[in-house]
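Residue numbers (our numbering): 12 to 248.
See below:
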């Protein structure tokens, strides 16, 4: 799969709630495949930024483009977003995937068995989804998203508070998806995870873009004072 939605560009993106500015004049250009990691302290605007990119939230001003076209339904159908707390159907693990496959891509012949094997849930295919552990639920959410064969996959703190085995499984799946040509954009607070996965880092603070750098450069020599403090473990307010 080749991602046809690149570059992903924002131009002077602004989002407000009353008099409070939540996203402030964010302009960036995501040009390469691989894994882009969005980092920053709580309240930095990371989730809001991703919701805007995915089309769930509308900015007050500014522009978002995919492959030099203003975001539209065509682009949204080629994306998927995984939240920290996924909402699953009150059905079996297998039926969750069958439902999503038939609803969104009736012509999709992707194998349910392969999808479950990919996230280590083959033995739980017939178990009710609401009986899964947190890590298992998140892996099912990942399998469900990948069933749609998105060109861009967003993850909003999808590994937060999960057991190490689930984190390792999810990271392995993301690496393979990236190698297969899918663009991954991941929000995480976990610096170690970011170091393991990131090809580039987007760092936000107070709703502003402080840095957008290759991962190696960001972790070795961050340019912004806020990023340096964050990586040093300081509390940013």
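Backbone N, C-alpha and C define an ideal beta-carbon position, used for all residues, glycine too.
Being a predicted model, the structure only gives us computed values, none of them experimental.
Notebook entry, point to check: How is residue 141 classed by DSSP in three states: helix, strand or coil?
Noted result: Taking the chain shown and counting its residues from 1, one reaches residue 141 at position 130. Three-state DSSP puts residue 141 in a helix.
Check: Given that a residue counts as buried once 16 or more other Cβ atoms are within 10 Å of its Cβ, and exposed if not, what is residue 142?
Finding: Along the chain shown, one-based indexing puts residue 142 at 131. Flag for residue 142 reads exposed.
Next item on the list: Please state if the CB of residue 153 and the CB of residue 123 are separated by a distance shorter than 8 Å.
Entry: By one-based count along the chain shown, residue 123 stands at place 112. By one-based count along the chain shown, residue 153 stands at place 142. No, Cβ-Cβ distance for residue 123 and residue 153 is not below 8 Å.
Checklist line | Buried versus exposed call for residue 196 [16 or more other C-beta atoms within 10 Å across all chains shown] | finding: Taking the first residue of the chain shown as position 1, residue 196 is located at position 185. Its Cβ being crowded by 16 or more others within 10 Å, residue 196 is buried.
Check: Does the beta-carbon distance from residue 92 to residue 165 come in below 8 Å?
Finding: As a position in the chain shown, residue 92 is number 81, starting the count at 1. As a position in the chain shown, residue 165 is number 154, starting the count at 1. The answer is yes: Cβ separation under 8 Å.
Note to self: Quick check on residue 146: does DSSP put it in helix, strand or coil?
What the structure shows: Start at 1 with the first residue of the chain shown, and residue 146 comes out as number 135. Helix at residue 146.
Check: Which residues in the same chain as residue 111 place their Cβ atom closer than 8 Å to its Cβ, once the five residues preceding and following it in sequence are excluded?
Finding: Within the chain shown, the letter at position 100 stands for residue 111. For residue 111, where only same-chain residues beyond five positions count, the Cβ hits under 8 Å are 155, 158 and 159.
Next item on the list: Taking only the alpha-carbon atoms, compute the straight-line gap between residue 223 and residue 64 and give it to the nearest angstrom.
Entry: For the purposes of this step, residue 223 is taken as residue 212 along the chain shown, with counting starting at 1. For the purposes of this step, residue 64 is taken as residue 53 along the chain shown, with counting starting at 1. Near 16 Å, if we compare the C-alpha coordinates of residue 64 and residue 223.
Checklist line | residue 227 versus residue 101 - alpha carbon distance | finding: Stepping through the chain shown from its first residue, residue 227 is reached at position 216. Stepping through the chain shown from its first residue, residue 101 is reached at position 90. Going by the C-alpha atoms only, they are around 43 Å apart.
Notebook entry, point to check: Taking just the CA atoms, how far does residue 184 sit from residue 129?
Noted result: Translated into the one-based positions of the chain shown, residue 129 becomes position 118. Translated into the one-based positions of the chain shown, residue 184 becomes position 173. Each residue's alpha carbon lies about 7 Å from the other.
Note to self: For residue 146, which residues in the same chain have their Cβ closer than 6 Å to its Cβ, ignoring the five residues on either side in sequence?
What the structure shows: Walking along the chain shown from the start, residue 146 turns up at place 135. Excluding residues within five positions, the ones whose Cβ falls inside 6 Å are 173, 174 and 177.
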